[in-house]
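For the sequence shown, the positions run 1 to 277 when the numbering used here is used.
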Amino acid sequence: MSLHERKFEILNYTLNKTKSLRALPFTAECYQYTTASGETIEPSYCVKDLGVYLTDDGAWGFQVEIIVKEAKRLAGWALGEFRDRSQRTMLTLLKTLVRPKLEYCSPLWSPCKTGDIQRLEAIQQFFTRRISECAGMNYWKRLQHLGILSLQRRRERYMIIHVWKIYNKLAPDSTGMISTLEEEEGEEESRLGPKVRLPQRVKKAQSSKETLREESFGIRAAQLFNRMPKEVRLATSLDSLKIELGNFLSTIPDYPPVRGYSSPRDNSLFSLVSEGK
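Now the structure itself:
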């Protein structure tokens, strides 16, 4: 089978992007790729892979920008086609049309920057404002009245669920977090329940790369899972996990950052939940 070489794309993640380095004559050859037929593939700033937009700086701002635009389009279409603004109809449209677009593969790209979190949250804020039963309520009150979580809280929930799947060998362990502290440290960790290991830190890494590491799934998801109560981490099935996790999250205030609102605290579970015991 022959491949269409002109459809190939290449994405480079570089540690040093200084102008002086790029000015060297041999630098371009390090970033290009030449196929067997002699076709030269130039590096791209952004590449779409399985529906997710990857950029050469390792950030997720472009991914957020794209899905916000698409979710706005879907929300506008739904509000134009359906005149019923009852809670039941609007929540059905939100859950089946709008929210899936905002949450596809979210454990991978879940943003940490407040601006990106606000842009995503604004879609659900805009849509729920149109629900007739929520007239006069602010966004935080609407979340409580409708019995739904903020998008930020849902993304962190997905991370916890995926780590549980990795720990129970229901998903591949691509980050090496499957080794548990329970196995390494004996009875003390056995008493506290299973925890996962964070990927090792790279020595002398640039501060910008260290920030990308701290915001990656391998670090954030592992930290979130380790912060959960023992009952959540010890769940024996996916259904029981969702029940235990749902019960626990119902006890944690959910005030996501949104434009025009002054949140009383950081809404991330990193700030609201201490290390799980």
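Where a beta carbon is used, it is the ideal one built from N, C-alpha and C, also for glycine.
Query                                                                                                                                                                                   : Result
Assign residue 183 to one of three DSSP states: helix, strand, or coil.                                                                                                                 : In this prediction, residue 183 scores a pLDDT of 47, lower than 50, which makes its location untrustworthy; no coordinate-derived value is stated.
Confirm, please, whether the CB-CB distance from residue 228 to residue 160 is below 9 angstroms.                                                                                       : yes
Is the number of C-beta pairs between the region 125–143 and the region 86–106 that are closer than 8 angstroms three or more?                                                          : yes
Does the region 192–199 come into contact with the region 255–264, if we say contact requires no fewer than three beta-carbon pairs (one atom in each stretch) closer than 8 angstroms? : no
Can you tell me which of the three DSSP states residue 134 falls into?                                                                                                                  : helix
Use the C-beta contact count for residue 241: other C-beta atoms within 10 angstroms, 16 or more gives buried, fewer gives exposed.                                                     : buried
State the DSSP-derived secondary structure class of residue 161, mapped to helix, strand or coil.                                                                                       : helix
Ignore the nearest five residues each way along the sequence and tell me which others in residue 108's own chain have a CB closer than 8 angstroms to its CB.                           : 52, 217
Quick check: residue 97 and residue 78, are their CB atoms within less than 9 angstroms of each other?                                                                                  : yes
I'd like to confirm the pairing. Which residues does DSSP put opposite residue 34 in its beta bridges?                                                                                  : 40
Tell me, which residues are paired with residue 255 by DSSP?                                                                                                                            : For residue 255, which the question treats as bridged, DSSP gives no partner whatsoever.
Would the region 4–16 and the region 41–58 be scored as touching if the rule is three or more Cβ pairs under 8 angstroms?                                                               : yes
Using a Cβ-Cβ cutoff of less than 6 angstroms, which residues in the same chain neighbour residue 140 once the five nearest sequence positions on both sides are dropped?               : 255
Measuring straight from C-alpha to C-alpha, what distance separates residue 263 and residue 31?                                                                                         : 44 angstroms
Output yes or no for whether 9 angstroms exceeds the beta carbon distance between residue 104 and residue 58.                                                                           : no
Taking the C-alpha atoms as reference points, what is the distance between residue 130 and residue 74?                                                                                  : 15 angstroms
Take the Cβ of residue 94 as the centre, count every other Cβ of all protein chains shown within 10 Å, and call the residue buried at 16 or more, exposed below.                        : buried
Relative to the alpha-carbon of residue 235, which residue among 193, 85, 61 has its alpha-carbon at the smallest distance?                                                             : 193
Step through the CB atoms of chain C and report whether any lies within less than 9 angstroms of the CB of residue 106.                                                                 : The chain inventory of the structure shown lacks chain C, comprising one protein chain alone.
Using DSSP with H/G/I as helix, E/B as strand and the rest coil, what is residue 151?                                                                                                   : helix
Ends of the beta strand (DSSP E) at residue 54?                                                                                                                                         : 52–55
Ignoring anything shorter than 4 residues, give me the alpha helix (DSSP H) runs that lie fully in the region 69–142, in order along the chain.                                         : 87–93, 99–103, 106–109, 114–128
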